[in-house]
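See structure below.
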Amino acid sequence: MRIILADNYEEMSRKAADIVRSQIVLKPDCVLGLATGDTPMGMYQELIKMYENKEVDFSEVTIFNLDEYYSLSRENPQSYYYYMHHNFFKHINVKKENTYIPNGTATEIDEECRNYEEQIKNKGGIDMQVLGIGANGHIGFNEPDVNFEAETHLVKLDEMTIEANSRFFSSKDKVPTSAISMGIKTIMQSRMLVLLANGESKADAIYKTIKGKICPEVPASIIQLHPNATMVIEKNAAKLL
Ligand code: F6R
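For the sequence shown, the residue numbers in the numbering used here are 5 to 245.
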């Protein structure tokens with residue numbers, strides 16, 4: 005595991021964007037896995053700037069997102085579909101047909117999950133998966149006591165996740181209680197992982213992920229077994245290392 009430290013959020017975001025850009029330079033038709041939330045926002049802004057300066061071209065890139073809230077429609081501003089289109093896709097030249105996000109309103113959830121896995125496989129697998137991390141150690145929406153063997157599936161959100169994500173909703177009871185998420189197996193099959201962490205609230209999870217025992221209580225700890233993982237960690241998130 006490679007650990008890259010950053011002095012602040014801006015530096016973390018720039019370094020992460022540089023890593024993603026290098027992947028696209030090396031393989032213009034690469035498959036990226038992307039995350040939502042506060043952490044990667046600065047990285048998306050950096051990538052948009054690079055695109056505007058003609059330093060990166062997304063025209064052949066395929067993107068799969070990690071997760072989507074169950075029951076939120078694409079038009080809902082809290083949906084991850086909305087987040088990705090609003091904050092990233094509409095500002096770059098990725099082709100709409102090359103962007104994939106689980107459908108949170110699918111009626112046949114198992115079929116939706118199976119299709120998502122199929123679509124990833126049909127594209128040749130994910131070259132680089134960008135991850136954030138929950139304060140409880142989750143990656144994607146794979147919550148503590150995770151099944152390391154799961155592929156894309158419907159997950160019940162942890163109380164801590166509902167609490168943390170209530171900041172994006174008008175009240176806590178509006179936060180969906182489940183989501184469709186790539187499983188740990190899906191994530192671990194990516195050829196490279198790039199995990200970003202920012203802020204003191206992530207320090208404990210980062211410590212356990214890197215220095216702790218590999219265990220289902222800390223889903224991200226499985227990354228210790230990945231042959232090509234890079235962590236880009238802002239100094240407050242790294243303070244217990
Ligand atoms: C988002 C995702 C989550 C977040 C994590 C951290 O697609 O899968 O694992 O990365 O909850 O969220 P932030 O960045 O908002 O602290």
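Glycine included, every Cβ here is placed at the ideal spot set by N, Cα and C.
Using only the heavy atoms of the ligand F6R, determine whether one of them is closer than 7 Å to the beta carbon of residue i.
{"i": "residue 84", "result": "yes"}
{"i": "residue 216", "result": "no"}
{"i": "residue 89", "result": "no"}
{"i": "residue 157", "result": "no"}
{"i": "residue 39", "result": "yes"}
{"i": "residue 70", "result": "yes"}
{"i": "residue 43", "result": "yes"}
{"i": "residue 173", "result": "no"}
{"i": "residue 187", "result": "no"}
{"i": "residue 142", "result": "yes"}
{"i": "residue 145", "result": "yes"}
{"i": "residue 138", "result": "yes"}
Do residue i and residue j have their C-beta atoms closer together than 8 Å?
{"i": "residue 144", "j": "residue 185", "result": "yes"}
{"i": "residue 138", "j": "residue 168", "result": "yes"}
{"i": "residue 190", "j": "residue 234", "result": "no"}
{"i": "residue 68", "j": "residue 23", "result": "no"}
{"i": "residue 85", "j": "residue 105", "result": "yes"}
{"i": "residue 148", "j": "residue 75", "result": "no"}
{"i": "residue 70", "j": "residue 21", "result": "no"}
{"i": "residue 87", "j": "residue 43", "result": "no"}
{"i": "residue 108", "j": "residue 72", "result": "yes"}
{"i": "residue 141", "j": "residue 242", "result": "no"}
{"i": "residue 17", "j": "residue 37", "result": "no"}
{"i": "residue 214", "j": "residue 146", "result": "no"}
{"i": "residue 4", "j": "residue 135", "result": "An answer regarding residue 4 cannot be provided, because it is not within the stretch 5 to 245 covered by the chain."}
{"i": "residue 128", "j": "residue 29", "result": "no"}
{"i": "residue 48", "j": "residue 92", "result": "yes"}
{"i": "residue 178", "j": "residue 166", "result": "no"}
{"i": "residue 9", "j": "residue 212", "result": "no"}
{"i": "residue 227", "j": "residue 5", "result": "yes"}
{"i": "residue 173", "j": "residue 82", "result": "yes"}
{"i": "residue 27", "j": "residue 132", "result": "yes"}
* To do: Mind listing, in chain order, the continuous alpha helix (DSSP H) runs of no fewer than 4 residues lying wholly within the segment 196-245?
  => Listed in chain order, the alpha helix (DSSP H) runs fully inside the segment 196-245 are 207-215, counting runs of at least 4 residues.
* Examine the Cβ distances between the segment 91-111 and the segment 57-64 and report whether three or more of them are shorter than 8 Å. => They touch, by the three-pair rule.
* With a floor of 4 residues, list each alpha helix (DSSP H) that falls wholly inside the segment 38-86, ordered by position along the chain. => Scanning the segment 38-86 from its first residue to its last, the whole alpha helix (DSSP H) runs of 4-plus residues come out as 45-56.
* Would you say the segment 210-224 touches the segment 159-168, given that touching needs at least three Cβ pairs under 8 Å? -> Two segments are said to touch when three or more pairs of C-beta atoms, one from each, lie closer than 8 Å; by this definition the segment 210-224 does not touch the segment 159-168.
* To do: Count the CB pairs spanning the segment 196-206 and the segment 226-245 that are closer than 8 Å, and state whether there are at least three.
  => Short answer: they touch.
* Asked: Which residue spans inside the segment 162-194 form an unbroken beta strand (DSSP E) run of at least 3?
  -> The segment 162-194 contains these whole beta strand (DSSP E) runs: 182-185.
* Starting from the N-terminal side, write out each stretch of the alpha helix (DSSP H) that is 4 residues or longer and does not extend beyond the segment 101-143. => Segments of the alpha helix (DSSP H) lying fully in the segment 101-143: 113-126.
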